[in-house]
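See below for the structure under consideration.
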Amino acid sequence: TGSGKSLVATALHFHSLTSGKRSFYTCPIKALVNEKFIALCKEFGPEKVGMISGDASVNADAPIVVCTAEILSNFALRLGQDLVAHDIVMDEFHYYSDAERGVAWQIPLLTLPQSRFLLMSATLGETQFFENELTALNQRPTVAIKTNVRPVPLTFQYSETPLQLKITQLIEQNKAPIYLVNFTQRECAETAQNLLSVNFCSPNEKNKIRDQLREVNFKSPYGKEVERFLKHGIGIHHAGLLPRYRVWVEKLAQQGLLKVICGTDTLGVGVNVPIRTVLFTKLCKFDGKKVGILTARDFQQIAGRAGRKGFDDEGLVVVQAPEHMIENAVIDQKIAQDPKKSKKLVKKKPPEKGFVSWNQETMNKLSSQMPEALTSRFQVSYAMVLNVLSRKTSQPGKDLKRLILKSHENHHQKKQHGKTAFQFFRALVNREIIKLNPLRVNADLQHDFSLNHSLSLFLLDTLQVFDLNSETFALDLLTLVESILENPDLILRRQIDHLKTIRMQELKESGMEFEDRLEELEKIDYPKPKQDFIYQAFNFFAEKHPWVGQENIRPKSIAREMAETFQSFHDYVLHYDLERGEGLLLRYLSDVYKVLVQTVPFTFKTEEVLLIIQYLRGILRTIDSSLIDEWQKLAPGIPQVNIASDQIESDRQVKIAEKKAQVYAQAQLTALIRSEVFQLIRLLARKSYRDAAERLGTTPEVLEKIMEHYYLSHPQILTDQNARSKKFTELKEVTESSWVLTQTLIDSEGLNDYYLKMNIERVPSLAEQTLKFTFNELKNF
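When you line the sequence shown up against my numbering, it's residues 915 to 1695, in that order.
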């Protein structure tokens, strides 16, 4: 860390660019992709740099492309030797060993002989295997450049001082900025909250922070809390935050304005936050299966953030002793001063759950031993099979077989992967996703069709038995989509807590005894619409497909609940107290959106389904567009932004019949208009005239006066599912890019005797469709 890896990567991009070639820079996390993208834009010019992160693609045909490892892996599978990638930088290559995602780092090393690779990490460990594999792949000599000498040496310190006091001491000793390492988002937020009682910054420093934040939008529910931390000189950085807040933590840290940054271990993955001291609050963490001591690689990766090249002579790494031991040491001191207190003071015990003890010897061992050897995580998936069989080559089936045989697995594992691939292939042929004679992908599928989730095929199978004419079809499809996605545990726990609160009050009012109430509450689970049908369908599917193995279906209702009530992102966060998990909710909705767009076939995208897609798209576009906004400042007028798409249009162009494409485009436009209108109606129903006026090109005062006529005779405007029915929306085309819309307002008495008329026009924008609404009139039928 700090030895110049990024400079070497920049030199490679420069050499590639001036040679008329194309280079890729891959990172493991989206935050790092965003950061590298902006940095390279400033170095090479925004017109020369593109970005593809899975949530957005910007200038994707540029000669320098920054992307997540999964994106490059998908290109490598789909295009193989046809991918124009002369030079590839794979940063943080130790992710090759990641149990869930490591396969993405291996695929390019198996499929891109035309490319020159630069593999970088501060914790690679033994590299001889990769040296041999790279040379075997592209027939070029491979050079390993390694050293254990850090430009800024590290000093390790074991601390038995209470955390808050230790931080104060470090700041007094001029050891800030301090990266305070936590391993859960909750611990992150709680630690930051506790530190508000300590004054870290001078009045002058606080004024500088306020000046920087003057124009920053902190409007999300958790925004005020983040703003409070930042103005106190405390940063918070974890995946539960909205990206725009993480970006501002990074910006302020780079200017030296933050004394403490409370972050999870993901901050150790190369994000540019200059740090003098790394302070571990503990040395054990939950790895997804069990709690254990950190690996040497994890410890060294995080500890390596200490010490700023050009600023510090050394970096300091502090490891806190277990909290109960620190408290017991304080008790021992008190007893030593007054033995009479020995009977009153009770020593703390270690936590019974979620804890593995450590000591100074543990720290010494982790800091001195070699990082563990990188382990192959190759695995076959539907997406892999579909991508390889999409190639233009004459024998894509042989390409798939060759890929498995070249993988970094042993003979037995390769044999098992081959069997799994054949089962997947047969299933894709049976569903007519793959056509035979010649072997090809079904041309009726959308060009960005994907099966990126292991149970995507279950989704396609089960859709076949749904009734497209059912009133609940769109919502039921949404439930099916949610059931194949991972559970966002925090959100589901909040749903349960909310239902328990309501049920507890009902049982209390009914006179039930307290113990019986508690027993009744234990039966409550989060909402699972159509759970009996989904479980039954999945059991049937699993019987026919033994490869399902340990995979399970997970019915839930998050996106569905939001769509049913047409809640805004902010409303949902506040409803379930998800302030600390805004980023989690945003990522989950992004996953739902991508499955709807890329996996659900055209034939199932009814107008109501398209309405849900546009509703989710609106949330993703408006809740955090900080990256797109920053790029537009660098490159005004370059209309190459495509939000929430993780694929570049490749040479493989899938032709869709012109008439079908026109019908679908019209349905998309109608859904977009309806989505925008319902958001306006919802604002009027809540009497949020300021926000509504912004969208309607009028003033809050004028709008409030107009709506007074309606509210004189009607207590409210309904916004439920029935009120959003398309039968209450009339759209008349005036020109190819303008319409007049008449929306009936639904009231609780069922009179429905008022309508709102608006003019709509399409305006030029970087977005695919941007509409301008203008208020026309509110009238009684």
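By construction, the Cβ of each residue, glycine as well, lies at the ideal position given by its N, Cα and C atoms.
What three-state label does DSSP hand Val980 in the structure shown?
Position 66 of the sequence shown holds residue 980. Val980: strand per DSSP, three-state reduction.
Three-state class that DSSP yields for Gln1234 in the structure shown
Counted from its first residue, the sequence shown places residue 1234 at position 320. Strand.
Quick test of your reading: Gly1701 and Arg1190, contact by CB under 8 angstroms. State the CB separation rounded to the nearest angstrom.
Nothing about residue 1701 can be reported from this structure: the residues present for the chain run from 915 to 1695 only.
Since Ile943 and Ala990 are thought to touch, with beta carbons under 8 angstroms apart, how far apart are those beta carbons, to the nearest angstrom?
Locating residue 943 in the sequence shown gives position 29, where the first residue counts as 1. Locating residue 990 in the sequence shown gives position 76, where the first residue counts as 1. Ile943 to Ala990, Cβ: 19 angstroms. No contact.
Note down the Cα distance separating Asp1001 from Gln1042, rounded to an integer number of angstroms.
Counting from 1 along the sequence shown, the entry for residue 1001 is found at position 87. Counting from 1 along the sequence shown, the entry for residue 1042 is found at position 128. Separation of Asp1001 and Gln1042 (C-alpha to C-alpha, rounded to the nearest whole angstrom) is 21 angstroms.
Quick one: grab the DSSP three-state call for Arg1676.
Counting from one through the sequence shown, the residue named residue 1676 turns up at place 762. Here Arg1676 sits in strand by DSSP.
Glu1433, buried or exposed, once every other Cβ within 10 Å from all chains shown has been counted against 16
Taking the sequence shown and counting its residues from 1, one reaches residue 1433 at position 519. Burial call: exposed.
Whether Glu1522 touches Phe1380 by CB criterion (9 angstroms)
The residue given as residue 1522 occupies position 608 in the sequence shown. The residue given as residue 1380 occupies position 466 in the sequence shown. Their beta carbons are not under 9 angstroms apart, which means Glu1522 does not touch Phe1380 by this criterion.
Please report the straight-line C-alpha distance between Tyr1159 and Gly1137, rounded to a whole angstrom.
Mapped onto the sequence shown, residue 1159 falls at position 245. Mapped onto the sequence shown, residue 1137 falls at position 223. Approximately 8 angstroms between the Cα atoms of the pair.
Sort Leu986, Ala1018, Ala999 and Thr1612 by Cα distance to Ser1696 and report the nearest one.
Missing from the structure shown is residue 1696; the chain here goes from 915 to 1695 and no further.
Closest to Ser1665 by C-alpha separation, out of Ile1631, Ser1652, Phe951 and Ile1674, would be which residue?
As a working mapping, residue 1665 is identified with position 751 in the sequence shown. Correcting the residue type first, residue 1665 is Leu in the shown sequence and not Ser. The shortest Cα separation from Leu1665 among Ile1631, Ser1652, Phe951 and Ile1674 belongs to Ile1631.
Taking 7 angstroms as the limit between beta carbons, can you name the residues of its chain near Leu1435, skipping five residues before and five after?
As a first step, residue 1435 must be located in the sequence shown, where it is residue number 521. Cβ within range, chain order: Lys1414, Arg1417 and Met1418.
Does the separation of the CB atoms of Val980 and Lys950 fall below 9 angstroms?
As a position in the sequence shown, residue 980 is number 66, starting the count at 1. As a position in the sequence shown, residue 950 is number 36, starting the count at 1. For Val980 and Lys950, yes; Cβs fall inside 9 angstroms.
Given this structure, state the Cα-to-Cα distance separating Val1616 from Tyr1669, to the nearest angstrom.
Here residue 1616 refers to the residue found at position 702 of the sequence shown. Here residue 1669 refers to the residue found at position 755 of the sequence shown. Distance between the alpha carbons of Val1616 and Tyr1669: 17 angstroms.
Secondary structure of Val963, DSSP reduced to three states
If you number the sequence shown from 1, residue 963 lands on position 49. The answer is strand: DSSP assigns Val963 an E or B state.
DSSP three-state label for Gly934, please.
Within the sequence shown, residue 934 is the residue found at index 20, counting from 1. Of the three classes helix, strand and coil, the one that applies to Gly934 here is coil, per DSSP.
Contact under 9 angstroms by Cβ, Arg1211 with Pro1285
Locating residue 1211 in the sequence shown gives position 297, counting from the first residue. Locating residue 1285 in the sequence shown gives position 371, counting from the first residue. Yes, the Cβ-Cβ distance between Arg1211 and Pro1285 is below 9 angstroms.
Spatial neighbours of Gly1218 within its chain, please: C-beta separation below 6 angstroms, excluding the five flanking residues on both sides.
Position 304 of the sequence shown holds residue 1218. Within the same chain, Gly1218 has close Cβ partners Thr915 and Ala1036.
Here's the rule: buried if 16 or more other CB atoms are within 10 angstroms of the residue's CB, otherwise exposed. What is Thr940?
Reading the sequence shown from its first residue, position 26 is the one you call residue 940. It counts as buried.
So is Lys1508 buried or exposed if we call it buried at 16+ other beta carbons inside 10 Å?
Counting from 1 along the sequence shown, the entry for residue 1508 is found at position 594. Its Cβ being crowded by 16 or more others within 10 Å, Lys1508 is buried.
N- and C-terminal bounds of the beta strand (DSSP E) containing Thr1658
Counted from its first residue, the sequence shown places residue 1658 at position 744. Where Thr1658 is concerned, the enclosing beta strand (DSSP E) stretches over Ser1652 to Leu1659.
So Phe1687 packs on Ile1674, CB below 8 angstroms; how close in whole Å?
Walking along the sequence shown from the start, residue 1687 turns up at place 773. Walking along the sequence shown from the start, residue 1674 turns up at place 760. Right, the Cβ-Cβ distance comes to about 6 angstroms (below 8 angstroms), so this counts as a contact.
Which residue marks the beginning of the beta strand (DSSP E) containing Phe1070, and which one marks its end?
Walking along the sequence shown from the start, residue 1070 turns up at place 156. It spans Leu1068 to Ser1073 - the beta strand (DSSP E) in which Phe1070 sits, taken as one unbroken run.
So is Ile1059 buried or exposed if we call it buried at 16+ other beta carbons inside 10 Å?
In the sequence shown, counting from the first residue as 1, residue 1059 sits at position 145. Answer is exposed; the Cβ neighbour count stays below 16.
I need the DSSP call for Asp1252, collapsed to helix, strand or coil.
Counting from 1 along the sequence shown, the entry for residue 1252 is found at position 338. Of the three classes helix, strand and coil, the one that applies to Asp1252 here is coil, per DSSP.
Does Leu1110 pass the burial test, meaning 16 or more other C-beta atoms within 10 Å, or should it be called exposed?
The residue you call residue 1110 lines up with position 196 of the sequence shown. That one is exposed.
With a cut-off of 8 angstroms, do at least 3 Cβ pairs link the segment 1096-1114 to the segment 1144-1153?
yes
For Val1648 and Leu1610, I'd like the C-alpha separation in whole angstroms.
Locating residue 1648 in the sequence shown gives position 734, counting from the first residue. Locating residue 1610 in the sequence shown gives position 696, counting from the first residue. Looking at the two C-alpha atoms, the distance is approximately 19 angstroms.
When the Cα of Ser1308 is compared with those of Leu926, Lys1173, Ala1637 and Leu993, which residue comes out closest?
Here residue 1308 corresponds to residue number 394 of the sequence shown, with the count starting at 1. Comparing Cα-Cα distances from Ser1308 to each of Leu926, Lys1173, Ala1637 and Leu993, the minimum goes to Leu993.
State the CB to CB distance for the pair Leu1077 and Thr1195, rounded to an integer number of angstroms; the pair is presumed to be in contact (CB under 8 angstroms).
Sequence index remark: in the sequence shown, residue 1077 carries index 163 (1-based). Sequence index remark: in the sequence shown, residue 1195 carries index 281 (1-based). Between Thr1195 and Leu1077 the Cβ distance is about 7 angstroms, and since that is below 8 angstroms, they are a contact.
On a CA-only basis, which of Cys1176, Asn988 and Ser930 is nearest Val963? Give me that one, please.
On the sequence shown, residue 963 is found 49 positions in, with the first residue counted as 1. Measuring from the Cα of Val963, the nearest candidate turns out to be Ser930.
When you compare the CB positions of Leu1499 and Leu1530, do they come within less than 9 angstroms of one another, or not?
On the sequence shown, position 585 is the one that residue 1499 refers to. On the sequence shown, position 616 is the one that residue 1530 refers to. The answer is no: Cβ separation not under 9 angstroms.
Neighbour-count burial assignment, Thr1061, 16 or more Cβ in a 10 Å radius:
Taking the sequence shown and counting its residues from 1, the one referred to as residue 1061 is at position 147. Its Cβ having fewer than 16 others within 10 Å, Thr1061 is exposed.
Please check the pair Leu1300 and Leu1365, which I expect to be a contact at CB under 8 angstroms, by giving their CB distance rounded to whole angstroms.
What you label residue 1300 is simply residue 386 of the sequence shown in a count that begins at 1. What you label residue 1365 is simply residue 451 of the sequence shown in a count that begins at 1. The pair is a contact, with the Cβ atoms about 5 angstroms apart (cut-off 8 angstroms).
Please say whether Val1187 and Gln1737 have beta carbons closer to each other than 9 angstroms?
Nothing can be reported for residue 1737: it is not among the residues displayed for the chain, which extend from 915 to 1695.
Stretch pair the segment 1332-1344 + the segment 1045-1057: three plus CB contacts closer than 8 angstroms
no
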